[in-house]
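Chains as they are written, first to last, in my numbering: chain A, 1 to 313; chain B, 1001 to 1479. Note that beta-carbon positions come from the ideal geometry of N, C-alpha and C, so glycine has one too. To start, the structure itself, in structure tokens.
See below:
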């Protein structure tokens, strides 16, 4: 993990990328079997509390709705800074994730904290727009003060077989991001096969993404543990090739602690505990945090508390 | 380095109730052994004494065989659908008490609870369900040929999958109308003894299932008993040969399921991450105490370096320790004897010139343990490349072409199982056609199904267990 920072922002050239994606071989049953075997890990007591605390610190509290207002964003941002005011051990969330038009609102609230503001862009969630528009969209979010940018890959190009276009677009967007953290959403529910997920992961990583992210949360099929496993292996391959250490964000449909812990186990065993920090692993979620807070309370006090003991996000 | 260690998550031992001392189960009840000789059965993970079991002598075996002979009178006249009912009842009871059985199996044998819970016990119940279903369909299974049961069957089972091997043998034997005298391994008798309790509970007629515990001498009495009509043995090739010699010249049926040194062939066009998982599962499952273990890794030379790197990294994540911890991947070696044998072979491998990689991990102070190990730079003439180690030790050999892979794979006295890893379907078929092995897995390993026959080629034995073929091991052509 020592060389991680120096390599972090480098873009891997197209011909090396082609080499990697041409060699993608995945056995579907093998992936499922490994995932379900990891799901039998029994995480109890200290390791559970430690895991839950990590999850809080890895949360990108998210709202991406047409009905989002400044009031709603203020409330969520405040919660991200102090998820459980009654317990000083509980860390802040990693970030809040909002639409570009609400970035400055969020930024104003979290300004003096460790909480980052992430903005979706590039015509999230479909990505069906010309690159010029995606650049404008992204530039606006950056200008508003976003610390992190969550873009979507061009699935149209991907399914048309134009992998180069998928790559080039990400390279262009990373260019305007500079040091700003770029997370690239694959939308695994649309890619469907593990082979596609692995290919898209490698393309996104090569093109300079700091993170690859499973889903937009805007289609019915969100993150899956199997997709996370495949993405973790892409990240591992990338790191083992000396191309740099990248992160993963799982988002879409992760609602309870038990499920979230299973994702941690996958990362822990496939990539190693070095990845279990907000720098390299995130959860994009809206309702997960409350369940995690309840579980933390339960572990500490031995009683399960109602939602109204925790502030709204 | 950041770390996230899993806290202990121990399956409670409280669920099992182990007697201080066990007798034999003969004629429908537990009886005091005539031998009056006992031996301790210990937990290999702690060396704690769990119980005392009897070493059956000639008189004990005589009593058990006589009881089975008597039991046969009733059992052979029992309506097949009635026989099925008993087997279904046993299957359901095993399911109901599976946690108890699983804990007992892990305590007595050292295997991880996640394996006894998620693999052994579900398989055991499935075997009873499967053969229960056959009991009343035997007469329509083979056209005009008529088959009848052997009669009194002697069954000798090993210590690696104690209850599972019991189910592989007892379920088809009873379904086909035989009666049984079973001898479990002396290091792992406890689940068989609990099974005997279930036979009592379901009211299986007296003498249909008999159990005599003991060591090799007890097994020898059983094999040489004049009223035994069939012997089914699972264990080492050495003992298998001894049994076959003993039975030569007698009209006694025999099936043998013996050793193995299976090749797990990884072609360079395999899905490598999944192949790594399969190779790990193939050799470290049940501490490598598996007759069909993929103990020889045959990897195509052009990917050897990459593959071994991945494999070593993956091996390092294996949790070795308390078998009752739900997060344990590799448990205890079954006995001191077995540990000595593994250590001896591994030392020889190093002396021969093999490169040994062992994972870094802390082993418990008490009990018998061996670190998951991988040999590279191995030549085909090293002992570790030819002899069955029966432990968590993988030996790597390389090949250049499919022809060569097949040649190396078949270059062994054994022929129980094999694995093939490639994304190319035609290559799977080409390779499988040429491998001399009873079971061949493609892009997976250690998959079992009661409906699928299992057994070996060459010195791995003969006869099949499982499926319709498994019935034939307990039936002979009617005169």
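Check residue i in the structure and name its three-state DSSP category.
i                       : result
residue 262 of chain A  : helix
residue 287 of chain A  : coil
residue 1415 of chain B : strand
residue 1172 of chain B : helix
residue 1159 of chain B : coil
residue 66 of chain A   : coil
residue 1089 of chain B : helix
residue 1210 of chain B : strand
residue 1361 of chain B : coil
residue 1441 of chain B : strand
residue 1287 of chain B : helix
residue 1051 of chain B : strand
residue 1257 of chain B : strand
residue 1234 of chain B : strand
residue 55 of chain A   : helix
residue 78 of chain A   : helix
residue 119 of chain A  : strand
residue 1166 of chain B : helix
residue 39 of chain A   : coil
residue 1336 of chain B : helix
Going by DSSP, name the residue or residues bridged to residue i.
i                       : result
residue 1026 of chain B : B/1029
residue 1421 of chain B : B/1266
residue 1178 of chain B : DSSP output for residue 1178 of chain B lists no bridge partner at all.
residue 1469 of chain B : None; residue 1469 of chain B has no bridge partner.
residue 1355 of chain B : B/1376
residue 1461 of chain B : B/1257
residue 228 of chain A  : Answer is none; residue 228 of chain A lacks a bridge partner.
residue 17 of chain A   : DSSP lists no partner for residue 17 of chain A.
residue 181 of chain A  : A/148
residue 97 of chain A   : A/62 and A/118
residue 251 of chain A  : A/284
residue 1152 of chain B : B/1179
Between which residues of its own chain and residue i is the CB-CB distance below 8 Å, once the five residues before and five after are set aside?
i                       : result
residue 1338 of chain B : 1289, 1368, 1390 and 1391
residue 1202 of chain B : 1086, 1089, 1090 and 1093
residue 1228 of chain B : 1065, 1152, 1153, 1154, 1181, 1222 and 1252
For residue i, which residues from the same chain have a beta carbon less than 7 Å from its beta carbon, with the 5 sequence-adjacent residues on both sides left out?
i                       : result
residue 1447 of chain B : 1441
residue 1450 of chain B : 1126, 1127, 1130 and 1466
residue 1413 of chain B : 1458 and 1459
residue 122 of chain A  : 134, 137, 138, 151, 152 and 173
residue 1282 of chain B : 1264, 1293, 1294, 1419, 1445 and 1446
residue 1427 of chain B : 1267 and 1402
Once the 5 residues before and after residue i are set aside, which same chain residues still bring their CB inside 6 Å of it?
i                       : result
residue 304 of chain A  : 298
residue 6 of chain A    : Residue confidence for residue 6 of chain A is low, a pLDDT of 39 falling below 50, so the modelled location carries little weight and cannot support an answer.
residue 1469 of chain B : 1453
residue 1164 of chain B : 1120, 1123 and 1124
residue 1191 of chain B : 1101, 1104, 1105, 1162 and 1163
residue 1301 of chain B : 1398 and 1400
residue 1067 of chain B : 1026, 1027, 1207 and 1210
Check the C-beta distance from residue i over to residue j and give it rounded, since I have them as a contact under 8 Å.
i                       : j                       : result
residue 92 of chain A   : residue 74 of chain A   : That pair is no contact at about 16 Å.
residue 1471 of chain B : residue 1149 of chain B : Going by Cβ atoms, the distance from residue 1471 of chain B to residue 1149 of chain B rounds to 10 Å, so no, they are not a contact pair.
residue 1170 of chain B : residue 1119 of chain B : Going by Cβ atoms, the distance from residue 1170 of chain B to residue 1119 of chain B rounds to 19 Å, so no, they are not a contact pair.
residue 1280 of chain B : residue 1421 of chain B : About 12 Å separates the two Cβ atoms, so there is no contact after all.
residue 84 of chain A   : residue 284 of chain A  : Incorrect: roughly 20 Å between the Cβ atoms, too far for contact.
What does the Cβ neighbour count give for residue i, buried or exposed, with the cut at 16 atoms within 10 Å?
i                       : result
residue 3 of chain A    : Because residue 3 of chain A sits at a pLDDT of 38, beneath the cut-off of 50, its placement in the model cannot be relied upon, and the following sentence gives the value as read from the coordinates. With fewer than 16 Cβ atoms within 10 Å of its Cβ, residue 3 of chain A is classed as exposed.
residue 1015 of chain B : exposed
residue 1060 of chain B : buried
residue 128 of chain A  : exposed
residue 1074 of chain B : exposed
residue 1021 of chain B : exposed
residue 1287 of chain B : buried
residue 1373 of chain B : buried
residue 23 of chain A   : exposed
residue 1500 of chain B : Here chain B covers residues 1001 to 1479 and nothing more, so residue 1500 of chain B does not appear.
residue 1056 of chain B : buried
residue 132 of chain A  : exposed
residue 193 of chain A  : exposed
residue 308 of chain A  : exposed
residue 1477 of chain B : exposed
residue 236 of chain A  : buried
residue 290 of chain A  : buried
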